[in-house]
Structures are given as structure tokens and as C-alpha cells.
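**Q** Below is a structure I'd like to ask you about.
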Amino acid sequence: MNSALQLLASKLHSSVDIAKRLATDGSSLDKHLKALQEHVKAGSSPNEPEDLQVQAVRHFWDKRSFETLKEARLVSFGLCLPSRPGGPCVLEDRERFNAVLSSDTGVEQWVKEPRWFRHCYQGLVRSYFSYDDTKGSIAPDEGRRNWRVLREYLHDRAPKIVDADGYNPDWVITTTENTNLFSIDPCAPYAEAALAGDTADIERMRELLGISDDSWFISALVRSQIAHATSLPYEEFKDLIPNLLSMLANLARHGIKIRNYGLSLILNTYTNTSSPTIHTGLRDAAVEWWGNPWLPSTAAQWGGVTPSAREMVAEWLRGEFIEAFFTKFSEDGIGDRRRANFWLRYVKSMTDVQFALGSRVLNSPSHDFAVLLQKMTGLHTELKGTSSTNNAFIMTLGDLVAVEFSDMGNALYGYQRDNLPFVFDSTEPLGLSSRGPNPLKSKELSRLWLLHKDDINGYRRWENMFEAALIDKFNIAPETPSSRPKRSAAQKASESTALFNAKYGKYDPYRLRGLGKTMGFKVDDLRKKGGNLWAYTDSNDPELIQLFQDWGFQYRAGKGWWKK
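Right under this line is the structure:
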């Protein structure tokens, strides 16, 4: 009730002001009388009927001037409406847009009268928030330019809508308190509150200014929230990721195209943190939205992230596949934890992984299997000629293509990448027997044929035998060191002899490489590329440590020994 009385008092007060002005300015009597009529009639609603806007826009398109305040208000609201079916809008026509803001026949002619001018200003604000080039066809350059001019105009003219002596509607107060809305970063002040779920003030502002759900304001608010979240310390940022992903997914369901931008920024920021831990929610969202990160067919979807972010997700996904293959895909659902742990240490070396799956996995009603198969799109085919529970895991590590099987009792087969007995094609099945088509098993072509058995070939554990073979045959070392296991008597004797021979001879590269093969560490000479000579071992053997020191090597924790 008080608001209504205030509004009436304001109109009466302004009427008196206008009457005084008319007494001294009879030359524009008709013009001012019309303005007075419109002022009394016009309220503070953030809307005007669209059919009236259309009529006013079409009339203005040819005339390019305003005769009444009402006409100016309607066109201000209708800057984004087409001048004719399929035609351009006023905001995308420089000449007509400039005419809207003109000081002679445009809205600027009322700028000295706040209670009149704000009726037009309110419509301009609505058009400012309505013009959006993120949906449908891309906005023309002219429209973008004029929109930026409008933004500056609204920012500069905001003080002109305030009546210093009379009543000011709530939307006027809200506008003048939030002139950041008419800036390059309009939503930055609201990001922290929105992230915390405190949106009451934002919703009130939207209601007063007529900001609809299809406005670019929604995307801008999300961008500001993500920008704020990514500026926070790692742990705080990490805790906010689930809510950010949920928000992006919800907006995508409503057709708001900001998901790619948001996820790219989150991933790129997460990658830049020191030693980022696996984030399953981030991994699953990225794979669900963009597909497998190492497939050529998905390169465009992943184009917004850095190579390191893409590789980070690829490593996470390969790790998930390894876990699933050696555990969930096994017949008992428990599987072989030792094999999973072994290959997880080589995830960074894997450039590709593929699968040949038995009917049990392919036809399973399990939701978990369905989700995994979706992530494996383009990476799996059918495995024939074996039990329904058996599956094959094909790993590419440099020049090596290694094949493991989920059923226990199968050996590892390792092939030179350019000499394979099979061709992987997701539309063609793979088999086992070398007598059949596309076989995964071929002793004739294999360069590695290793059994998962302990206490053979001088190794107490098969993992150490595999690791030594990968280094010896393909120069592939694990990225995560394992604790040095107990060695067999034969292995200890071999290592002792190698150390003795190396210790009493001067350093030379052949002696170092021979020692590396015996002791199970990788040697890499990067000096021709401007790097160092490396011996990748964290062994705590005191004799080996002394030898490296005698040879002039220096130690780097977590990596090994090096020298210039």
C-alpha cells in the first residue's frame, strides 16, 4: 500500500514539475503533453506486450524517430525483434540503432527527465539481456558491435534514471547498485555467493530487471562461478568439482551451450595442480560428453583442453579399464589383483588399449558392464573360439603390442607392433588359435611369451620376470617403482658378479647397460638431445649406490641416478 501511495505521489509531483516547465516553454506544448500522458500511464513493469513491440519496431524501421515516449519505450523493449518475418532486428542495423539512442529524436531526448527516461532505459536493459548469439545462428558483427555500444550506454546512463527528489522503483535502485552488469565481466560479483548456493539476491535482481532463463546472463553467471572456483586453492577447487559438473550437465539438458567451455577450464586447471589425483567424476563426465580421449574420431570434441589434460584423462581411463579387465571381467568377479597392479604401473607408457570380449561380458545385463562398454566404444570387438568368460586385453606400449587374457592359465603374448598376427577392427571378431583367422596367439611371431608363474627362470615372482623382459626386449620400464622383492639364489649370484665386475673397472656405457639388464633397471642416454645419462633405479643396495657415486652419478629422488 505504501508503495502505491509513493508511486501516486511521485506521479503527482512530476506532473507539477511538468506544468511549471510548460509555462515557460510553450513551443513544445504538444510534445510535453503527450509525454505527460505516457508518464502517468506507464508503470514499472519489466515487460511490454510483444505484439505492440512488433508494431512499434516496424513503424520505427521506416520512420527512424520517436514521436511519443510510449513508442520509444516499446522499441527499446523490441530491439531484438525482427523488423519483418526473417528480417534483421534494430540492434543489428547500425543506422537505426544509432537513431534509437539519438539525442534529437531518440530516447536521449528524455535523458534530463529521470521519471521519463527510465521508461526507455528499462526496455533497453531488457533488450541488452535478451540479445544472445549462443543459440541458433551466430550473431553478425554489426549486432555484436551495437550490443557493446548498448552495454556502455547503459553503464554511463544508469545515474540518469535516478530521481533525486522523488520516488525510485526497486528496479532502478537495483540497476544503480549493480552497474557491473554493464561491464566485460558482468557476473563476477555474484560468483562466490552462487557457488555457495546463496542465490536469493540474484533471483530478486533477475525478477526486477526481467532477466529470463534464456538470457546470456545464465551462461555468464556459470562462467564466473567456474572462473572463481578454478582460482581457489587445490583442495577447495577439488571439493567444488562435483557441483560444477552437475550444474553444467543440468544446463546442457536445457540447451544452454556452456558445457564444453566449463569442462575444458575445469580439466585444464586440474591438470596444472601438482600431482593431480584421479577424479572419477571428472573422468566420467569428460568421457561421457566427449568420448574416448585417444581416438582420432573424438579429436574435435577434445580440442578445447590442453594435451596434458587430455593425456591425464586418458591415463585415468586406461587405469579404469585395467582394473575392470582383471577384476570385473573375470569369471568370479574377483580376478587377478596381481596382474592389475602390475599393469597399472605401465599406464603412462600405453598409447592405446583395445579389447576382444567374450559373450558373457558383451551380453551381460549388468549396468556396470553397460557403462564400461559405453566408455569402450570403438575399442572393443568380439572374442571367438574360447570360453564365454574369456576376454583379451591388447596393450600398445611403444613398439610392443602385449596381449593378456582374463581366464587364468593363459600366457602373455608380446609382438613387435609392425609384425602382428591379427588386425584389430571393432567390426570384426578376433580369435585365439593360430590356425584360425585373426588370431591373438602366435608363438611363431611373438617376441615375448611369459607365464604368470612364480619361482621360474631365476625369479621368485613373475612380476620381476615380466619387468626385466619388458626392459630387455623393448626398453620399457614401469613409471611407478615397486619395492625390491627377495631374489632367488641364482639371481643374487648374477647381480653380485655384475656388481663386482663393474666395480673394478672404469665407467663405460656397455658396462652400465650390462649392469642395468642384470639388476633390472632402465638406462637412457639423452646427452645427444641436451639431456643427461640416466639409470632409472631406486634400489637401496649400498654397493650399487657406492658404484654410482664412484662413477660420478648424482641421485634424484623418485627417478634415479644421472650424470652429464
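Heads up: the sequence shown begins at 755 in this note's numbering, then just goes up one per residue. Where a beta carbon is used, it is the ideal one built from N, C-alpha and C, also for glycine. Remember, predicted model here, so these are calculated numbers, not experimental data.
Output the residue ranges of the alpha helix (DSSP H) runs that lie fully inside the region 976-1012 and measure 4 residues or longer, sorted by chain position.
**A** Counting whole runs of 4 or more residues, the region 976-1012 contains the alpha helix (DSSP H) stretches 988-1007.
**Q** Please go through the same chain and pick out, in chain order, the residues whose beta-carbon is closer than 7 Å to the beta-carbon of ARG818, but skip the five residues on each side of it.
**A** Answer for ARG818: ARG850, ALA853, listed in chain order.
**Q** Which residues in the same chain as LYS1313 place their Cβ atom closer than 7 Å to its Cβ, once the five residues preceding and following it in sequence are excluded?
**A** Here the set comprises TYR1290.
**Q** Is it the case that the Cβ atoms of ARG1320 and TRP1043 are separated by a distance below 8 Å?
**A** Outside the shown range of the chain, which is 755 to 1318, sits residue 1320, and nothing can be said about it.
**Q** For ILE1032 and TRP1070, I'd like the C-alpha separation in whole angstroms.
**A** Roughly 6 Å separates the two Cα atoms.
**Q** Can at least three beta-carbon pairs, one atom from the region 997-1016 and one from the region 967-983, be found at a separation below 8 Å?
**A** Touching, yes, given that three or more Cβ pairs across the two stretches are closer than 8 Å.
**Q** Out of TYR875, TRP925, GLY920, TYR921, which one is the CA nearest neighbour of HIS909?
**A** Closest by alpha carbon: TYR875.
**Q** Is PRO842 helix, strand or coil by DSSP?
**A** Residue state, collapsed to three classes: coil.
**Q** Does DSSP classify LEU1116 as helix, strand or coil?
**A** Helix, per DSSP.
**Q** Can you tell me where the alpha helix (DSSP H) holding ARG1064 begins and where it ends?
**A** Run containing ARG1064: 1061-1077, per the alpha helix (DSSP H) assignment.
**Q** Identify whether PHE1083 lies in helix, strand or coil by the three-state DSSP scheme.
**A** Coil.
**Q** May I have the straight-line CA-CA distance separating ASP1122 from LYS1318, to the nearest angstrom?
**A** So the alpha carbons of these two residues sit roughly 51 Å apart.
**Q** Return the CA-CA distance between ASP858 and ALA1040, expressed in angstroms with no decimal places.
**A** Near 55 Å, if we compare the C-alpha coordinates of ALA1040 and ASP858.
**Q** So, THR1140 versus LEU1199, is the Cβ gap smaller than 8 Å?
**A** No, the Cβ-Cβ distance between THR1140 and LEU1199 is not below 8 Å.
**Q** For VAL1177, which of helix, strand or coil comes out of DSSP?
**A** Residue state, collapsed to three classes: coil.
**Q** I'd like the list of long-range same chain contacts for SER1051, defined as Cβ closer than 8 Å, with 5 residues on each side in sequence excluded.
**A** For SER1051, where only same-chain residues beyond five positions count, the Cβ hits under 8 Å are GLY1045, GLY1132.
**Q** How many Å lie between ILE1299 and PRO1232 at the Cα?
**A** Going from the Cα of ILE1299 to the Cα of PRO1232 covers about 21 Å.
**Q** Could you spell out the range, first to last residue, of the beta strand (DSSP E) harbouring GLN1128?
**A** Looking at the DSSP string, GLN1128 is not in any beta strand (DSSP E); the run it does join, the alpha helix (DSSP H), is 1121-1129.
**Q** Helix, strand or coil for PRO836? Go by DSSP, reduced to three states.
**A** DSSP places PRO836 in strand when its eight states are reduced to three.
**Q** In chain order, what residues of the same chain lie with their CB nearer than 8 Å to the CB of LEU1184, ignoring the 5 residues before and after it?
**A** Counting only Cβ-Cβ distances below 8 Å, and skipping sequence neighbours, we find ALA1110, THR1135, GLU1136, LEU1137, LYS1138, ALA1146, PHE1176, PHE1178, ASN1192, PRO1193, LEU1194.
**Q** Work out the CA separation of ALA1124 and TRP1203 for me, nearest whole Å.
**A** Taking the straight line from one Cα to the other gives about 32 Å.
**Q** Below 8 Å on the Cβ atoms is my contact criterion, and I expect ALA1222 with GLY1163 to pass it. Report the Cβ-Cβ distance as a whole number of Å.
**A** 22 Å between Cβ atoms; not a contact.
**Q** Comparing alpha-carbon positions, which option in ASP1172, GLY1168, TYR907, ARG1215 lies nearest ARG1201?
**A** Looking at the Cα atoms, GLY1168 is the closest of the given residues.
**Q** Assuming ALA1094 contacts ILE1076 under a Cβ cut-off of 8 Å, what Cβ separation, rounded to an integer in Å, is found between them?
**A** The pair is a contact, with the Cβ atoms about 6 Å apart (cut-off 8 Å).
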